[in-house]
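Here is the structure we will look at.
Protein chains: 2
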Amino acid sequence: MTKLAFRILQLKPFLLSGLRGILPSYRKLFAFRYYFIFFFFFMLFESLLATSPCFLKLQIIGNISAVSASLYVGKAGPMVHTGSCIAALLGQGGSKRYGLTWRWVRFFKNDRDRRDLVTCGSAAGIAAAFRAPVGGVLFALEEMASWWRSALLWRTFFTTAVVAVVLRGLIDVCNSGKCGLFGKGGLIMFNVTNENAVYHLSDVPPVLVLGVIGGILGSFYNFLLKKVLQFYNSINARGRAHKILLASSISIVTSCLLFGLPWLSSCLPCPIDALEACPTIGRSGNYKKYQCPPGHYNDLASLFFNTNDDAIKNLFSKNTDSEFHPISMLIFFITSYVLGILSYGIVVPSGLFVPVIVTGASYGRFVGILMGSRSSLNHGLFAVLGSASFLGGSMRMTVSLCVILLEITNNLLLLPLVMVVLLVSKTVADAFNGNVYDMIIKLKGLPYLEDHAEPYMRQLTVVDVVKGPLQFLNGIEKVHTIVHVLKTTGHNGFPVIDEASFANSPISFGVILRAHLIVLLKKKVFLAAPIPTGIDAFNQLCSDDFAKRGSGKRDMIEDVEITEEEMEMFIDLHPFTNTSPYTVVETMSLAKALMLFRQAGLRHLLVVPKFSCARLTDRVGRDLTGFEVLEAYYGNLGRLAIYPLDSFENKDCYEGRKIGRGLNLQAIEFAGRGDTDET
Amino acid sequence: MTKLAFRILQLKPFLLSGLRGILPSYRKLFAFRYYFIFFFFFMLFESLLATSPCFLKLQIIGNISAVSASLYVGKAGPMVHTGSCIAALLGQGGSKRYGLTWRWVRFFKNDRDRRDLVTCGSAAGIAAAFRAPVGGVLFALEEMASWWRSALLWRTFFTTAVVAVVLRGLIDVCNSGKCGLFGKGGLIMFNVTNENAVYHLSDVPPVLVLGVIGGILGSFYNFLLKKVLQFYNSINARGRAHKILLASSISIVTSCLLFGLPWLSSCLPCPIDALEACPTIGRSGNYKKYQCPPGHYNDLASLFFNTNDDAIKNLFSKNTDSEFHPISMLIFFITSYVLGILSYGIVVPSGLFVPVIVTGASYGRFVGILMGSRSSLNHGLFAVLGSASFLGGSMRMTVSLCVILLEITNNLLLLPLVMVVLLVSKTVADAFNGNVYDMIIKLKGLPYLEDHAEPYMRQLTVVDVVKGPLQFLNGIEKVHTIVHVLKTTGHNGFPVIDEASFANSPISFGVILRAHLIVLLKKKVFLAAPIPTGIDAFNQLCSDDFAKRGSGKRDMIEDVEITEEEMEMFIDLHPFTNTSPYTVVETMSLAKALMLFRQAGLRHLLVVPKFSCARLTDRVGRDLTGFEVLEAYYGNLGRLAIYPLDSFENKDCYEGRKIGRGLNLQAIEFAGRGDTDET
């Protein structure tokens, strides 16, 4: 949004020089006056945005501003983030600060429900961004959720159905035209319905070529994006001034290109059978006048002087095969490609979807123009297939992209070709690098457990990656020891060991979570002497005490005040211990354990020695327990690039683990299942 | 298909009496002459069909015959079965009997690949049956596969994309009309595209009511189907003659109803603005003449004297609001409802989808007629929504049904209403009973692990359901013992125990599979003395020996011949043992273990005692191992109604665990993962 200001500043000399041709464009700029007011909000809260990722309003305002200012950023990411934030708010019992609390939401205060809510929220985001309810469900399934169950499927479906009905209802209400541009175009964003989509088997080879090139372009896009993000990260790390400066520069560059490039294009005469006014004077349309004489239009300006959505609409439109000059289309493609890469990563809430669709559409249309009459597909359909190939090449999804494309274009007859293009481009691109979301996650150093095991993991056993020495607690433990262990380690779970009188070795009793230990310390469930209490201990506590706290509201061990006297007291951990944690034997391959971790959605995994009793006589004094080491994935982080889910569990805001931009992605709630959930 | 014969027999008196009105219908019957030849095949192979579930050709021929004879059965089930069988053939290395073997398919000879292939095959079946490639993927995901991974998603997508392209290509090739009716209607089966699907918020309440009633009707449908199937099963169990008699009776009843009921309906005058010839003389159409005077048509005959597909097309058609009389529609609905229930379960390869769609469409259309002009939706759209509600009420799927409906009707604008109807009817019906596929599985006593835990399972631990005594083998075991254990138990895996010299207790080494033990016995990998062999043992074997065999080709212990002398020899099991099986502690709740079983796709689970060393001193002589009991789910089958996946692993044909009919479902390959797969 900074860009809007700069664009105006930069326009001033032009205005002063009195160039009449610029005026319509300038007028168009001020058609954005509705959003203008957001500019100030945005600047005001810019810093807040950087530090408070869940700040919903800023997400919304920031993205509206950025998109309406024609920055090459999409709205899908922020929409997903917005949906997820609302869901996360519900999952943490509302927000006390803003007075948004309800008693009934306390039931959601656990890992599983919060994760499910966030998944539904992200699906709703995609559903709203593209008016694609089914696509939203599938996107959440294919790209967002790292753990899935059948009940979640229909809950997500329910969420997006509500989105669809509300959207459709609002469109119905707004049909009278009272809501401005909202609802224009109906439920389908880029309608390319064609009753008789004519294509033959002979059209398949060019479509395959389209897919191959799209795959190469897409993977190269990911590669460049990575380099640019690395560069931006180094700038953004230097402070707020640098961030704003970077954003402003990109804004200026965008403005210069958008206003400068149409000069390169020559004026084309208006087609006689044009369906709309030519040249277009006003908000949007296929024929922008720019600097052209009456009866003529500038094709590049027609693309640049629209929002990205309108540009896509223009590119997808049928019966406009002669509207764009090939050179103009090439310029537009290159500009979109470059700006799409440059605009992602600056301090603006932004998504990737729309820029990729625009770029892909221009590439597809360019290929369509080159093919000319040799193909029976019209250029609009080529643009759709180009978008598909570029999306496939960059994002590497299949079913969800296919359904989203189907829902935004409403051309079911094109489905076989779209499927083929997606598969070809995905396959080609997979040969070069990974998908764009994984790349961004890695770049930001965010902990994310891949859903497939790398080949080297088959050569390692779980013992190889386990971190020692084992930190454990006794069944009835001294308060001092607990505090010490909590303060000196970062683990979120600890094995509880019993010195059984009837056995000649200690017995592992179960696992207790850090969060629960802190609750016990805070509520001072202490005993003067080490005597088992049994269930009586629960009298001092209620289930609400163990409810999962919201983001940033977790109790820290440093905040718990304990007197010297209490330090010498005891806690009976038995009633609060999870007595049946998930276990693996120490000889299990890392790959197999990883799959268990992912598939069962675990956060902790106990590694059990195979020869527990043997060890007992063999090496007395080491680990006398059945449970060797907790948190198998905690150790050797760097070497193996496997991250423990639990070490990040105190940061939550949104499960949308992949979508979202820069600063916002600091806050992640993983889709791992907390040990507190029984099933 | 028996029905066709009976129908002709039954028609004879009519023909002889010279009623002229019947003649067109009779002529229509013989329009099925193409399929007539199949009748004999069907009768010939009827018995084979009952015993050889993978007999592909019969599936195909039988279903073509049944569907073309207007029996109230669908084609989705057999198509899924066909696709799955082809996939299963690939997964077992082709068929030697038919000379269809390839060297490269040997790579698929393992549990995981075969299961994945079968999933892809079933998706292809749905994709082909409804020309709905994306719907096929989602159906496989939502209803077929009990275990899912991201790689499988795009493989399934690839399969259905190939189906879509081939279908589209054939339609293109057949456009000239050389292939008869194939390809007529293009890629979309029941096109109800409407550029301006007009509906408003006021249309939502009637749609909700439609959903509620659809849910009730759907669950009642499931209830009746269950009762009828129970009755049929008791008849079918009596032998082949009874089976044929039952099928023939249903066939006769169907014929009588289809030909008799239109007499109840009065003749309607042809509409002046009819888009097609009225009355229709010929194969299919909206206006059947039956017994009416010229210029008139019989609306019930228009529905009955078509294949189900054409009936659906008629019901979904727009601008035909006055075509059907409400009483006719009611009669048609009741007939479809009853015949749909009666026709499923006789010895004919049949599916449920199409009858449910027909019934739902007639119900929806009836509601539409009742609503009259109070709703802005036309009757065709009501029929679509009625189908959705009935499908939702009976099958309880959400996303896949939604996408399938979208792909067969091509009306994206209706999506919000379809989503709402599906959700409402599913929710209402779930209050009464389970979905139809689960019901059929339970009725047939097929082992199927639900993907959710019943509440009572939370009250039990895994030890409660474990079956004793523990059957185990020593690391170096006598051949005689192995043979004895294999012959006296039905387990498919056994723990291997080592008497370690350095420990004061035995050590559990791992798990060995029954199939692998039989290979060792067959290849006679014997030792004269109990001395460890190490990896040398592999010299006698190659990896192919351990490849998963095809259906019905598994080696049985009874087939292995071992001399008395060999019985006294030894086998070193160490090199062949899976040393890192999945384990749970004995205190784990049954619900939690069930989820692990399902989510990780396991077939065996070891239950580890918590106090293994304690027990050692406590109760010497019982189970001295770290591993208490193998195959947690094996015991107490009846009481808990949890079935062990592995006890059925020697039966495989198709993963399509829910679709398929009667006799064919005897053959099931479960989606559980074999222990042979490392990850």
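Protein chains in written order, with the numbering used here: chain A, 1021 to 1699; chain B, 1021 to 1699. We put the CB at the ideal spot given by N, CA and C, even for glycine. All of these numbers come straight from a predicted model, not from anything done at the bench.
For A:His1472, the three-state secondary structure derived from DSSP is coil. Contact annotation: in the region 1576-1605 of chain A, residues whose CB is within less than 8 Å of a CB in chain B are Thr1599, Ser1600, Pro1601, Tyr1602, Thr1603, Val1604, Val1605. Counting only the Cα atoms, A:Leu1390 lies some 19 Å from A:Leu1288. Annotation: B:Cys1298 to A:Leu1228 spans about 46 Å, alpha carbon to alpha carbon. By DSSP's assignment, A:Leu1493 forms a beta bridge with A:Val1516. When DSSP states are grouped into helix, strand and coil, A:Asp1458 belongs to the helix group. Residue contact check for A:Cys1194 against chain B: no CB pair falls below 8 Å. Taking the beta carbon of B:Phe1177 as reference, the chain A residues within 9 Å of it are Thr1418, Val1419, Cys1422, Met1439, Leu1442, Leu1443, listed in sequence order. In the structure shown, the three-state DSSP call for B:Lys1498 is strand. Against chain B, a Cβ distance below 7 Å from A:Gly1189 picks out Leu1221. A:Glu1578 is classed as exposed because its beta carbon has fewer than 16 other beta carbons within 10 Å across all chains shown. For A:Thr1603, the enclosing beta strand (DSSP E) covers residues 1603-1605.
In this structure, the straight-line span from the alpha carbon of B:Asn1453 to that of B:Tyr1241 is close to 10 Å.
Among the residues of the region 1128-1143 of chain A, none has a Cβ less than 8 Å away from any Cβ of chain B.
Beta-bridge partners of A:Gly1103 (DSSP): none assigned.
Scanning the region 1583-1617 of chain A for uninterrupted beta strand (DSSP E) segments of 3 residues or longer gives 1590-1592, 1603-1605, listed from N- to C-terminal end. In the DSSP assignment, A:Asn1306 falls outside any alpha helix (DSSP H) and carries neither an H nor an E. If you check each beta-carbon in the region 1317-1333 of chain A against every beta-carbon of chain B, none falls closer than 9 Å. Rounded to the nearest whole angstrom, the CA to CA distance from A:Leu1421 to B:Leu1278 is 45 Å. With at least 16 other beta carbons inside 10 angstroms of its own, A:Cys1312 counts as buried.
A:Glu1497 is positioned such that its CB atom lies closer than 8 Å to that of A:Leu1593.
The continuous alpha helix (DSSP H) containing A:Val1485 extends over residues 1482-1485.
For A:Pro1289, the uninterrupted beta strand (DSSP E) run begins and ends at 1287-1289, by DSSP. Residues of chain A whose Cβ lies closer than 8 Å to the Cβ of B:Met1415 do not exist, since the nearest Cβ in that chain is about 12 Å away. Between the C-alpha atoms of A:Ile1208 and A:Phe1336 there is a straight-line separation of about 13 Å. In this model, B:Ser1609 and A:Thr1603 are separated by some 14 Å (Cα to Cα). The three-state reading of DSSP puts A:Tyr1383 in helix, counting H, G and I together.
In the displayed model, B:His1262 falls within a helix according to three-state DSSP.
Inclusion of B:Asp1450 and B:Arg1416 in the CB contact set at 8 Å is warranted, their separation being smaller than that value. By the Cβ test, the region 1127-1147 of chain A is not in contact with the region 1125-1134 of chain B, since fewer than three Cβ pairs between them sit closer than 8 Å. Note: A:His1316 is bridge-paired with A:Pro1289 in the DSSP secondary-structure output. Sequence-ordered contacts of the region 1148-1160 of chain A with chain B read Pro1153, Val1154, Val1157, Leu1158 [C-beta pairs closer than 8 Å]. Cβ neighbours of A:Met1615 within its own chain (closer than 7 Å, five residues either side excluded): Ala1473. If you draw a straight line from the Cα of B:Ser1142 to the Cα of B:Val1448, it is about 29 Å long.
Chain A has a Cβ within less than 8 Å of the Cβ of B:Leu1435.
Going by beta carbons, A:Leu1173 and A:Val1423 fall outside the 8 Å limit.
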